[in-house]
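Worksheet: one structure, shown below.
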Amino acid sequence: MPTVITTDKLTKRFGAFIAANELTFEVEKGEIFGFLGANGAGKTTAMRMLCGLLSPSSGAATVAGFDVYTQTEKIKQNIGYMSQKFSLYDDLTVSENIRFYAGIYGMSIPAIKTKTTQLLEELQLQKEAKTLVKELPLGWKQKLAFSVSIVHDPSIVFLDEPTGGVDPVTRRQFWDLIYAAADKGVTIFVTTHYMDEAEYCNRVSIMVDGVISALDSPAKLKEQYNAHNMEDVFYELARNAKRKAD
Amino acid sequence: MKTLRFLLEKEFRQILRNRQILRTLLIAPVIQLILLPLAADYSVKNISIVVVDNDHSPISQRLINKITASGHFRLTGYTASYNEALTMVEQDQADIALQIPTNFERDLVRENAKQLFIAVNAIEGTKANLGGAYLNTIIRDYNADIRIRWQSPNPTAAAPATNPGATPSTASTITAAPASHGTPTANTPVPQITATSSNWYNPYLNFKLYMVPAILVVLVTAMAAMQSAFNIVQEKESGTIEQINVTPIKKHWFILGKMIPFLVLGIILFTLGLLVGWLFYGIIPVGNLLVLYASLIVYLFAMLGLGLLLATYSGTQQQAMSLAFFFINIFNMMSGVFTAIDSMPGWAQAIVATFPPSHFIKIMRMVVLKGSGFSDIVYPITAMAAIGLVLNTWAVLNYRKTN
Amino acid sequence: MKQLITFIRKEFLHVFRDRKTLLMLFGLPIAQIILFGFALSNEIKDSRIAIVDYSKDATTTQLISKIEASNYFDIQRTLATANDLNNAFKKGNIKMAIIFPANFGSDLTHTGNATLQVIADASDPNQATTITNYFNQIVADYNTSLAGSPSAAGTAGAATAQPMQIIPEMQMLYNPELRGAPNFVPGVMALVLMLVCTMMTSVSIVKEKELGTMEILLVSPFKPIYIIISKLAPNLIISIVNLFIILLLSYFFLDLPVKGSVLLLVTASTLFILTSLSIGLLLSINAKTQQAAMMGSLMGMMLPTMLLTGFLFPIENMPLPLQVFSNLVPSRWYFIIVKRVMLKGLGLTAVWKEILILSGMCLLLFAISLRKFKIRLQ
Chain A
52 MPTVITTDKL
62 TKRFGAFIAA
72 NELTFEVEKG
82 EIFGFLGANG
92 AGKTTAMRML
102 CGLLSPSSGA
112 ATVAGFDVYT
122 QTEKIKQNIG
132 YMSQKFSLYD
142 DLTVSENIRF
152 YAGIYGMSIP
162 AIKTKTTQLL
172 EELQLQKEAK
182 TLVKELPLGW
192 KQKLAFSVSI
202 VHDPSIVFLD
212 EPTGGVDPVT
222 RRQFWDLIYA
232 AADKGVTIFV
242 TTHYMDEAEY
252 CNRVSIMVDG
262 VISALDSPAK
272 LKEQYNAHNM
282 EDVFYELARN
292 AKRKAD
Chain B
116 MKTLRFLLEK
126 EFRQILRNRQ
136 ILRTLLIAPV
146 IQLILLPLAA
156 DYSVKNISIV
166 VVDNDHSPIS
176 QRLINKITAS
186 GHFRLTGYTA
196 SYNEALTMVE
206 QDQADIALQI
216 PTNFERDLVR
226 ENAKQLFIAV
236 NAIEGTKANL
246 GGAYLNTIIR
256 DYNADIRIRW
266 QSPNPTAAAP
276 ATNPGATPST
286 ASTITAAPAS
296 HGTPTANTPV
306 PQITATSSNW
316 YNPYLNFKLY
326 MVPAILVVLV
336 TAMAAMQSAF
346 NIVQEKESGT
356 IEQINVTPIK
366 KHWFILGKMI
376 PFLVLGIILF
386 TLGLLVGWLF
396 YGIIPVGNLL
406 VLYASLIVYL
416 FAMLGLGLLL
426 ATYSGTQQQA
436 MSLAFFFINI
446 FNMMSGVFTA
456 IDSMPGWAQA
466 IVATFPPSHF
476 IKIMRMVVLK
486 GSGFSDIVYP
496 ITAMAAIGLV
506 LNTWAVLNYR
516 KTN
Chain C
294 MKQLITFIRK
304 EFLHVFRDRK
314 TLLMLFGLPI
324 AQIILFGFAL
334 SNEIKDSRIA
344 IVDYSKDATT
354 TQLISKIEAS
364 NYFDIQRTLA
374 TANDLNNAFK
384 KGNIKMAIIF
394 PANFGSDLTH
404 TGNATLQVIA
414 DASDPNQATT
424 ITNYFNQIVA
434 DYNTSLAGSP
444 SAAGTAGAAT
454 AQPMQIIPEM
464 QMLYNPELRG
474 APNFVPGVMA
484 LVLMLVCTMM
494 TSVSIVKEKE
504 LGTMEILLVS
514 PFKPIYIIIS
524 KLAPNLIISI
534 VNLFIILLLS
544 YFFLDLPVKG
554 SVLLLVTAST
564 LFILTSLSIG
574 LLLSINAKTQ
584 QAAMMGSLMG
594 MMLPTMLLTG
604 FLFPIENMPL
614 PLQVFSNLVP
624 SRWYFIIVKR
634 VMLKGLGLTA
644 VWKEILILSG
654 MCLLLFAISL
664 RKFKIRLQ
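Protein chains in written order, with this note's numbering: chain A, 52 to 297; chain B, 116 to 518; chain C, 294 to 671.
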């Protein structure tokens, strides 16, 4: 499997505070890579550096073969991103949101039309195509936001705590969408603090105080820490954390 | 280029869908433009005057009559002592106190000269300036008037009886010394220079002609700078701007996409404003509309640049509002809407020259009232373009997709 | 009581953490006082004028040198013909033009009367009237000197000075140099205090509503009146600090000391601040979003304050409905108090009526907002 993300001692400092310290890892194509950590552990900082939203302080990294210092715009061409706030425009309709994001990724109008029909069908939102996003229930918004973030068929998609605040059933449905995308060969890079979600990942890394303190498949981690589930693994690692959540 | 189309499509959808924005952007300014010129009337009429007549002579009586008949003054008091008159000025019951001293008439005749004492409340400079000027003119005319009566060979002509032939018109044309209106100047023909004055471009001294173009600029300014700043900061607060920042969109397309809708709104608002000026105040621009609109576009380019720049510096709506308000307030007060820029000291004029509204207000007044053409406004329009270029470049540089 | 202090401290922290808002809170009054105080002036001097002299004789030369000598005019250029005037006016280079017709001097000597023409750019009517008057003054003075000197006039009979001269002695009270500052300082005071109080109060309360923290406060055992007090306290203190900044700046930089009682001025200002705070409170109760609160304070409060206070435009010129309405604007009364106490040095006897009106407004507004706040709670 080719690697799509490689980092080497990737570091971000804010003044004296080291938010992410010498992160080194690789993510393979088509993998679902989980990025775990307590609040304030540095997950979001790491992800924002890889997306080109934040410049690293030191270290090296490439995403989809492009350098995070010099080729951020090239990276952006090849990735999708969905933040905690799942940034759709509340005052635009479902299909208008799809059209807008597809449009600014440079898709042609006929392509956008086909894609819109296909997306609405997959999400079973055909009836809601003309509904304003603000009128949708939270779970639907999240699913829509995910679909919109991969509307341009990126090779990697970054999901920053995508399932905050929804019920377990909707979360399950959301992960079905993620699996479907991964099956098509999209690499998924996801941060979460739901430990059951960690089980769905091919590999997880656990960050504590800005450092990656474990990285392996969930099964191997459980074995290594002699734990029943990921929750115990996480607790074992995180209880020594010095940093307080913000 | 293609992405711009989608950006614009989205912005227009959002603006058109939001009734509240449309109300604040278009309807409120139009109502303000209808009402504000009514309130913003700086023409000086109804100057209240208190008179202390210590002479009680025919000459002093006629002077008072002349002052009240001029149409500029309103006699609000007639007190026995100068101090009482000053108290009225203190309490804002009078703007001007005029004292005619005892023996005014006698000394004028015997000694050929006598003072009048005038005290003007100068806190409001314009009113003081004009009130003083009007009163001076009336006194000067009156002086010439009585001189003729007393000097005419027939002494009866000097009597208080009216002498219509010698009464010069004061209110309409200000003549410096209308000494010889066909009067019999047989004995001493003192040479006199007469100044006839005319007021071009605004012959009836209509203050609204002067204010409406400036108020329209003030309203367009508030719309452009504030709303463009708000719009971007709202996207920051809701997090959608981050979503845009991870797309490969070019910064300048994004900024253009934010700018064009407000440019269009600005042009619509301006057009509505010109219509209001025409329908309600009968103001039809003397100059070329093309000149006006070209200047408007350059102006909006500069002001939207300011809005974008402020947005890049603010994280919350409250901050954007504070910053925008800071600038708009100072622009409004300093750009010549209320007081002439020419009266400012040199350093202040240099500062004001960097305010885009000062140039656009100047252009508006020149084109609307005087019909100035492109060649006349080369300097202000170039200045606006230069400021706009600086502000926009700064905004683009300061807007970071990557932090 | 301890609770209240904790709460007030929290409110202060909100204000002081946000540098950009602080810039507006303190920067705006400072910048305004300095800029407006120094820069705004109603004095008209060095007006640029053009002269067209078709006569070019001794009289016109004399008059032109008199014009040059005055502070009021700056002769921009001498035009050969009056045809160029329109272009010069259109360029905005000149404010006024003076035309001496041909044979001006000889007309004056031979017929005893000569007429010159003054053309003013009346797009600014007030300026046009003022500078025309200045010019007329110069002509009148010249006429007097003509009468006084027989050689200049050349006629034998006019050996005596101009008879029966009325000499108006004009005194500009309170503000002899016609600076803008004396008028604008009280205006800026009214504006800034109003702005800080209404806008900041309403926005800070609505922000808590938007964030949902207001609900937390309301379910706490904290008394609602304490919430109101702690929201108002920082703005009250900031406004009083602002007041002193303005007064100190006026004293040191603008040479505008408080002529009357400082205590009276501060008391009246506090009353005005409290009135504005009550308005802010009232706005916040009705507004749902920060934007609505801002727009409400901006459109609803700022514009009426600017226009109907009387410091930009004389109220007596307005149409009657606006005049009546202006009585409801608190800053109108405050503006009068500041002018009388600060600039004219008058005492309580001169402003008791205005203070009474402000007190009435303050009590009424505060009572209404308190009542509404309570109703919302139940």
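Using N, Cα and C, we set each Cβ at its ideal position, and we do this for glycine too. Predicted model only: the values in this text are computed from it and were never measured.
Legend: CB atoms of the region 479-498 of chain C lying less than 7 angstroms from CB atoms of chain B belong to residues V496. The beta carbon of L201 of chain B sits closer than 7 angstroms to those of A212, A234, all from its chain and outside the five residues before and after it, given in chain order.
With three or more CB-CB distances shorter than 8 angstroms, the region 520-535 of chain C counts as touching the region 299-315 of chain C. Y494 of chain B carries a helical assignment under DSSP once its states are collapsed to helix, strand and coil. Under the 10 Å beta carbon count, L272 of chain A is surrounded by 16 or more other beta carbons and is classified as buried. In this chain, E336 of chain C is not harboured by any alpha helix (DSSP H), its DSSP state being neither H nor E. Runs of the beta strand (DSSP E) lying entirely within the region 186-268 of chain B and spanning at least 3 residues, in chain order: 188-194, 211-215, 228-236. Taking a Cβ-Cβ cut-off of 7 angstroms, Q193 of chain A has no neighbours in chain B, whose nearest Cβ is about 14 angstroms from it. Relative to L187 of chain A, the option among A:R150, A:V145, A:A265 whose CA is nearest is A:V145. The C-beta of T165 of chain A has fewer than 16 other C-beta atoms within 10 Å across all chains shown, which makes the residue exposed.
Residue range 366-396 is occupied by the alpha helix (DSSP H) that includes I375 of chain B.
Each of C:Y544, C:A413, C:I360 was checked against the Cα of A433 of chain C, and the nearest Cα belongs to C:I360. When the beta-carbon positions are compared, G240 of chain B and G603 of chain C stay at least 9 angstroms from each other. Straight across, the Cα-Cα distance linking Y494 of chain B with A468 of chain B is about 11 angstroms. Runs of the beta strand (DSSP E) spanning 3 or more residues and lying entirely within the region 57-145 of chain A occur at 68-79, 83-88, 109-114, 130-133, in chain order. Annotated three-state conformation of D260 of chain A is coil, per DSSP. Here M465 of chain C has L471 as same chain residues with Cβ atoms under 8 angstroms from its own Cβ, once five neighbours each way along the sequence are excluded. Nearest to Q349 of chain B by alpha-carbon distance, out of B:G420, B:I370, B:Q433, B:G381, is B:Q433. For N528 of chain C, the three-state secondary structure derived from DSSP is helix.
Within the same chain, E501 come within 6 angstroms of M507 of chain C by CB-CB distance, once the 5 residues on both sides are set aside. Inter-residue distance for L506 of chain B and T427 of chain B is about 12 angstroms (C-alpha atoms, whole angstroms).
Within the region 345-396 of chain C, the alpha helix (DSSP H) runs of at least 4 residues that lie entirely inside it are, in chain order, 351-362, 378-384. A straight line joining the alpha-carbon of V204 of chain B with that of N236 of chain B spans about 7 angstroms. Residue state for S554 of chain C is assigned as coil, using DSSP reduced to three classes.
Under DSSP, V167 of chain B shares a beta bridge with B:T194, B:Q214. Around the C-beta of G653 of chain C, fewer than 16 other C-beta atoms lie within 10 Å, and the residue is accordingly described as exposed. No Cβ of chain B is located within less than 9 angstroms of the beta carbon of Y627 of chain C. Against chain B, a Cβ distance below 7 angstroms from Q128 of chain A picks out P363. At a cut-off of 9 angstroms, the C-beta of W315 of chain B has a neighbouring C-beta in chain C.
Rounded to the nearest angstrom, the Cβ distance from P475 of chain C to L636 of chain C is 5 angstroms, consistent with a contact under 8 angstroms. Straight across, the Cα-Cα distance linking I629 of chain C with E647 of chain C is about 8 angstroms.
Interface annotation for the region 202-225 of chain B against chain C: V204, E205, Q206, D207, L223, V224, criterion Cβ-Cβ distance under 8 angstroms. Taking 9 angstroms as the threshold, the shortest C-beta distance from R134 of chain B to chain A does not fall below it. Per DSSP, N360 of chain B is not a residue of any beta strand (DSSP E); the alpha helix (DSSP H) it occupies stretches across 355-360. With the criterion set as a beta carbon lying under 7 angstroms from some beta carbon of chain B, the members of the region 378-389 of chain C are F382, K383, K384, G385, in sequence order.
Residues of the region 129-143 of chain A with a C-beta atom less than 9 angstroms from some C-beta of chain B are N129, I130, G131, Y132, M133, S134, Q135, K136, F137, S138, L139, Y140, D141, D142, L143, listed in chain order.
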